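Residue numbers for the sequence shown, in the numbering used here: 1 to 51.
Here's the structure we're looking at; comments come further down.
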Amino acid sequence: MTMTLENHIEELRREANHCDPAERAQIEAELKQARTELAAPIAAEDAEPPH
């Protein structure tokens with residue numbers, strides 16, 4: 001799941017660089033949501049003790 005979200009974020013970043021301002025605002029909102037979704041599994045992973 002984490003890798004899929006990371007890929008989605010990269011795709012959105014590329015799209016944001018090549019679009020008009022209105023579209024960019026929508027993509028930025030999607031980016032914010034994807035980053036928020038990615039933060040939860042990363043925090044859980046970081047909280048696990050080392051093996």
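For glycine and all other residues, C-beta sits at the position ideal for the given N, C-alpha and C.
These figures come from a predicted structure and were not determined experimentally.
Distance between beta carbons of residue j and residue i, contact taken as under 8 Å
| i | j | result |
| --- | --- | --- |
| Thr2 | Pro41 | 5 Å |
| Ala16 | Arg24 | 5 Å |
Check whether residue i and residue j have beta carbons under 8 Å apart
| i | j | result |
| --- | --- | --- |
| Leu5 | Leu31 | no |
| Cys19 | Ile27 | yes |
Own chain, CB closer than 6 Å to residue i, minus 5 neighbours either side, in chain order
| i | result |
| --- | --- |
| Thr36 | none |
For residue j and residue i, the rounded distance between their alpha carbons
| i | j | result |
| --- | --- | --- |
| Arg14 | Ala29 | 14 Å |
| Glu48 | Pro21 | 41 Å |
| Asp46 | Asn7 | 20 Å |
| Leu12 | Ala44 | 24 Å |
Which runs of the alpha helix (DSSP H), 4 residues or longer, sit entirely within the stretch 8 to 33? none
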